[in-house]
């Protein structure tokens with residue numbers, strides 16, 4: 205059975221296109237509203253907003269990996285033509301997520317009643333707002349966690365297009381209300397209430413849409429079937445550990461900054477993370493399609509075909525991330541100050557380049573991680589992530605007192621490089637029966653060589669055009685893209701990959717080609 209029926213060849217294109225549309229809108233909103241919030245509320249209030257979300261983010265992991273397991277096993281049931289099994293799976297997932305939502309909301313209420321202002325050195329009226337926002341965001345989890353079962357079905361059905369269109373509408377509604385409230389003089393408590401209301405609206409919309417995708421869903425009996433849980437529990441628990449480690453490590457640095465350094469420094473560090481996160485954000489619509497694809501191949505017993513998915517997926521992710529990394533390395537710090545003028549006195553020179561390189565390493569490891577999870581090597585992924593977090597935290601405690609924010613960035617970069625290059629990439633190559641040298645040469649090195657001319661051109665323009673205005677940033681970005689795309693097409697891709705790109709441009713999904721029986725050398 206193929207990864208996707210021929211009649212649905214265009215679905216992959218719709219998924220990717222709408223994902224980019226959603227990301228473009230979300231990125232535009234973030235770019236516009238972040239300086240707006242900081243200007244109206246200040247650096248410290250924005251830092252409190254970030255830390256509140258970080259605390260409740262960890263509570264969101266109380267789903268214990270059920271979400272990841274739901275996506276994986278739903279995709280397997282679809283690939284095997286078993287709709288009743290998919291319904292039975294959903295009926296078991298929902299009650300578990302309801303319990304998780306209740307526990308998360310109660311935990312958030314307990315945290316909100318604690319003296320958070322003493323732990324994070326928050327003063328004045330922000331102390332009360334800090335507590336109240338945490339409680340409201342906890343109530344948000346009471347809705348969002350059970351409703352995530354519906355979003356899992358979008359992904360398991362590989363209907364990212366429907367999910368993305370819904371997301372686009374809700375983004376516009378949410379930001380419109382938030383801007384109006386800020387103009388009326390309201391603060392972070394009002395912003396949190398908007399998020400709560402939008403989550404309730406999202407759950408209602410998803411219930412309507414998903415019930416059409418999976419007929420019989422509304423009539424499915426909620427239960428806790430032991431047979432279902434025996435099957436998904438091992439994957440769910442290790443997915444939880446991996447999520448706790450991977451996603452948790454992405455936020456633990458903010459908590460350490462808030463604990464070890466002045467609270468206001470959370471804002472410049474978080475904005476550096478957000479800007480560098482463009483590398484992964486722009487690659488996400490492509491990368492996220494490889495997990496259900498690899499899961500379907502694994503479920504069908506087509507292990508040998510994972511090599512092509514691993515190699516092509518890695519190259520696709522790196523190819524999207526590389527020009528963004530070059531742009532940010534050249535003009536990223538100037539762009540940050542241009543974006544949020546309040547950052548200029550607190551932005552540490554050299555911080556953003558370190559964060560950008562760290563995210564580029566993460567982009568290289570993204571598809572290999574997804575392939576390992578798809579072939580049920582979740583335990584290995586979790587152990588490697590634990591090692592990376594332990595190493596990065598240890599390095600932070602050593603380096604932060606000496607280097608400040610730079611110590612945090614160096615710690616994350618060193619840990620990611622060591623664990624990724626020495627353990628994660630070799631393990632993924634073994635799982636897919638692909639040589640490590642093959643992966644690095646075809647999936648990484650050729651892309652880096654292709655971006656070289658763009659880096660030279662962008663650097664030359666950067667020297668000539670400094671100091672920068674909006675037109676200068678746009679000109680440098682356009683020149684990098686103009687130099688990079690031909691170099692990538694003719695020098696970074698092999699003949700098979702070029703034919704694949706041409707097929708995509710003509711409206712054909714790459715999934716059947718990726719699932720071909722013979723894995724060709726680059």
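In my numbering, the protein residues as written are 205 to 726.
Just so it is clear, CB atoms sit at the ideal spot from N, CA and C, and this is done for glycine as well.
For residue i, which of helix, strand or coil comes out of DSSP?
{"i": "residue 208", "result": "Residue confidence for residue 208 is low, a pLDDT of 42 falling below 50, so the modelled location carries little weight; the figure read from the coordinates is stated next. Note: residue 208 maps to coil in three-state DSSP."}
{"i": "residue 573", "result": "helix"}
{"i": "residue 491", "result": "helix"}
{"i": "residue 325", "result": "coil"}
{"i": "residue 497", "result": "helix"}
{"i": "residue 515", "result": "helix"}
{"i": "residue 219", "result": "helix"}
{"i": "residue 467", "result": "helix"}
{"i": "residue 319", "result": "coil"}
{"i": "residue 549", "result": "coil"}
{"i": "residue 678", "result": "helix"}
{"i": "residue 555", "result": "helix"}
{"i": "residue 755", "result": "The structure shown does not extend to residue 755, since the chain spans only 205 to 726, so no value can be given for it."}
{"i": "residue 382", "result": "helix"}
{"i": "residue 427", "result": "coil"}
{"i": "residue 620", "result": "helix"}
{"i": "residue 580", "result": "coil"}
{"i": "residue 418", "result": "coil"}
{"i": "residue 724", "result": "With a pLDDT of only 40 at residue 724, under 50, the local geometry of the prediction cannot be trusted, and no value is derived from it."}
Can you give me the C-alpha to C-alpha distance between residue i and residue j, rounded to a whole angstrom?
{"i": "residue 463", "j": "residue 345", "result": "25 Å"}
{"i": "residue 686", "j": "residue 661", "result": "10 Å"}
{"i": "residue 619", "j": "residue 490", "result": "26 Å"}
{"i": "residue 501", "j": "residue 626", "result": "27 Å"}
{"i": "residue 289", "j": "residue 306", "result": "27 Å"}
{"i": "residue 366", "j": "residue 233", "result": "20 Å"}
{"i": "residue 467", "j": "residue 237", "result": "21 Å"}
{"i": "residue 264", "j": "residue 596", "result": "23 Å"}
{"i": "residue 659", "j": "residue 524", "result": "15 Å"}
{"i": "residue 509", "j": "residue 604", "result": "45 Å"}
{"i": "residue 323", "j": "residue 351", "result": "32 Å"}
{"i": "residue 684", "j": "residue 693", "result": "14 Å"}
{"i": "residue 583", "j": "residue 443", "result": "8 Å"}
{"i": "residue 387", "j": "residue 244", "result": "8 Å"}
{"i": "residue 416", "j": "residue 363", "result": "12 Å"}
{"i": "residue 641", "j": "residue 563", "result": "22 Å"}
{"i": "residue 636", "j": "residue 581", "result": "12 Å"}
{"i": "residue 657", "j": "residue 688", "result": "7 Å"}
{"i": "residue 282", "j": "residue 218", "result": "19 Å"}
Can the beta-carbon of residue i be found closer than 8 Å to that of residue j?
{"i": "residue 338", "j": "residue 392", "result": "no"}
{"i": "residue 480", "j": "residue 532", "result": "yes"}
{"i": "residue 414", "j": "residue 357", "result": "yes"}
{"i": "residue 552", "j": "residue 457", "result": "no"}
{"i": "residue 395", "j": "residue 382", "result": "yes"}
{"i": "residue 268", "j": "residue 426", "result": "no"}
{"i": "residue 633", "j": "residue 643", "result": "yes"}
{"i": "residue 272", "j": "residue 447", "result": "yes"}
{"i": "residue 248", "j": "residue 330", "result": "yes"}
{"i": "residue 550", "j": "residue 629", "result": "no"}
{"i": "residue 651", "j": "residue 544", "result": "no"}
{"i": "residue 528", "j": "residue 486", "result": "yes"}
{"i": "residue 680", "j": "residue 666", "result": "yes"}
{"i": "residue 326", "j": "residue 252", "result": "yes"}
{"i": "residue 493", "j": "residue 216", "result": "yes"}
{"i": "residue 402", "j": "residue 377", "result": "yes"}
{"i": "residue 291", "j": "residue 421", "result": "yes"}
{"i": "residue 703", "j": "residue 488", "result": "no"}
{"i": "residue 624", "j": "residue 519", "result": "no"}
Out of the options, which has the shortest C-alpha to C-alpha gap to residue i?
{"i": "residue 653", "options": "271, 526, 262", "result": "526"}
{"i": "residue 262", "options": "589, 702, 445", "result": "445"}
{"i": "residue 257", "options": "294, 289, 288, 333", "result": "333"}
{"i": "residue 286", "options": "316, 360, 326", "result": "360"}
{"i": "residue 230", "options": "517, 354, 296, 379", "result": "379"}
{"i": "residue 639", "options": "300, 260, 511", "result": "511"}
{"i": "residue 298", "options": "429, 400, 224, 402", "result": "429"}
{"i": "residue 537", "options": "239, 558, 521, 595", "result": "558"}
{"i": "residue 497", "options": "483, 482, 516", "result": "516"}
{"i": "residue 663", "options": "530, 423, 420", "result": "530"}
{"i": "residue 354", "options": "295, 656, 635", "result": "295"}
{"i": "residue 560", "options": "581, 471, 475", "result": "475"}
{"i": "residue 477", "options": "610, 275, 214, 302", "result": "610"}
For the putative contact between residue i and residue j, defined by C-beta atoms under 8 Å, what is the C-beta separation to the nearest angstrom?
{"i": "residue 672", "j": "residue 542", "result": "7 Å"}
{"i": "residue 340", "j": "residue 405", "result": "Rounded, the Cβ-Cβ distance is 16 Å, inconsistent with contact."}
{"i": "residue 372", "j": "residue 225", "result": "6 Å"}
{"i": "residue 342", "j": "residue 309", "result": "5 Å"}
{"i": "residue 753", "j": "residue 571", "result": "Residue 753 lies beyond the stretch modelled for the chain, which goes from 205 to 726, so this question has no answer here."}
{"i": "residue 460", "j": "residue 678", "result": "Not really, about 36 Å apart at Cβ, beyond 8 Å."}
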